[in-house]
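Peer 1: Residues 65 to 484, numbered by the working numbering, are exactly what the sequence shown covers, in order.
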Amino acid sequence: MKNFRSIIQTISRQPARQAFAVGGVATNQEQAKSFEEVPGPKGIHLWPVLGPILMYKPFTKFTSENNQLLFDSLIDKYGPVVKLRLSELSVLISDPKDIERVFQNEGQYPTNPSMSILKTYEARNGLKPSLSSSNGEQWQRLRSPVNRRLMRPNSATYYLESHNNVADDFVQLLISQEWKAEDQIDLLFRFAAENTGVVVFNTRLGLLNPGSKNKEEVELLQQTRELFNALQKTFNGESIAHSLYRNKTYLEFEKAFNTIKSYIQKHLDKAKEIVEQRKKDNKEVDSDELNLLLSLASEKNLDKDDIRGILETFYTGGSDSVAKSIQCLFYNLAHNPTKQDTLRLEIVRVLGHDTLVTAEALSKMPYLKACIKESFRLIFPTTLGPTRILNTEVVLSGYRIPAGVMVVFSSLKNIHSDQI
């Protein structure tokens, strides 16, 4: 891993137009092979819809939930650069030198592939591009106000008390009965959504209330799940027709997103009312306000659609990523009981059995941080891993990759390699 880190750390010190010769492989346009010659699955495997379907069960042993294992097998079979069909024609790379070269050529505003179904939804509903669907200067305009608030060292500690309460409710619910594995996954998703809701909505959602009859809470949770199910179908290429007409996947996504959007708008309206009342009372929300919702609601350079889009991104992205990260952490600890016991001893030593988590306490638990980082290394937390779309042609492992092609990093391959 040391070599991999050193390569990434040199990125800012290398000129972007420098041509490399990696292990004798041509990396300039004159000597490189064409994009058509990039190795990978051929024929119908590159067709839209059908190509991605053929990569998964029942045609192979892989599922869309373990894309990283599929990527590993493709790298083993075809080499460090592979052409394949995902939601679009893409290139999979694994050589750290190629990853370095992609970073060097990404420009001032890196371009990430947008979710096609979200862009279609926004276009059909006359909405501006949101934080999730933006790139370039538009993304920077929307992200900068968030960075000013959430990148501060004390931004996370602002919500610690609420997160302590959420964690207590989760533990009480967890120990209240025996839970099947699939039910535990549901509980972790509820826990993640409740925690994220504290930040996004500035209130508890009530998703951990046993036997809750609140229809709005139940619908929000259900439609959040449906949103990710629809997104998964677009990521793995099962659905591309959503951009042409309102197919089943699109209708599922639209219903889910409308539910989430409506819920966010309701809380944003309440926040706007609080901001206006503070103005009347000469107690305006200042730039140091750590409450995310109130501070965004008072942002003069963002309109309601901008703010709602930012909150939608944080709620959906936060709920999914936090839930999966905790699932992976618990799974890895369960498979390593001696490490789990070491972690338990550290937590008990610092917190005892009933002390609330504080920023100071977290700073005294290095083994906890190590476990989280190692869990990320063992099980990569995202479906695809880092991706880029370059605005210029680049040579990777001796092949010319045209501008506009999605480049996917085979991250799991690198972080598990004992040669990097």
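From the three backbone atoms N, C-alpha and C, an ideal C-beta is built for every residue, glycine too.
For residue 415 and residue 423, what's the separation of their Cα atoms in angstroms?
Peer 2: 12 Å
Peer 1: Spell out whether any CB of chain B is found under 7 Å from the CB atom of residue 213.
Peer 2: The structure shown has no chain B; it contains just one protein chain.
Peer 1: Please list the terminal residues of the continuous alpha helix (DSSP H) segment that includes residue 479.
Peer 2: 475-479
Peer 1: Would residue 432 and residue 162 be called neighbours here (beta carbons separated by less than 7 Å)?
Peer 2: no
Peer 1: Using the rule of at least 16 other Cβ atoms within 10 Å of the residue's Cβ for burial, across every protein chain shown, is residue 384 buried or exposed?
Peer 2: buried
Peer 1: Check the C-beta distance from residue 474 over to residue 158 and give it rounded, since I have them as a contact under 8 Å.
Peer 2: 4 Å
Peer 1: Alpha carbon to alpha carbon, how far is residue 234 from residue 227?
Peer 2: Cα to Cα, the separation comes out at about 10 Å.
Peer 1: Could you please give the first and the last residue of the uninterrupted beta strand (DSSP E) stretch that includes residue 157?
Peer 2: 153-157
Peer 1: So residue 185 and residue 321 are supposed to be a Cβ contact under 8 Å. How far apart are they, rounded?
Peer 2: 6 Å
Peer 1: Give the secondary structure of residue 463 by DSSP, where H, G and I count as helix, E and B as strand, and everything else as coil.
Peer 2: strand
Peer 1: Between which residues of its own chain and residue 445 is the CB-CB distance below 8 Å, once the five residues before and five after are set aside?
Peer 2: 385, 388, 389 and 392
Peer 1: Note the first and the last residue of the continuous beta strand (DSSP E) segment covering residue 148.
Peer 2: 145-149
Peer 1: In the stretch 114-149, which residue ranges form an unbroken alpha helix (DSSP H) of at least 4 residues, counting only runs that do not cross its ends?
Peer 2: 114-117 and 131-142
Peer 1: Is DSSP giving residue 347 helix, strand or coil here?
Peer 2: coil
Peer 1: Check each candidate in 477, 263, 285 and 294 and name the one with the smallest Cα separation from residue 128.
Peer 2: 294
Peer 1: Going straight from the alpha carbon of residue 255 to that of residue 282, what length do you get?
Peer 2: Within the model, the alpha-carbon separation for residue 255 versus residue 282 is close to 14 Å.
Peer 1: Out of curiosity, what's the CA-to-CA distance linking residue 248 and residue 239?
Peer 2: 11 Å
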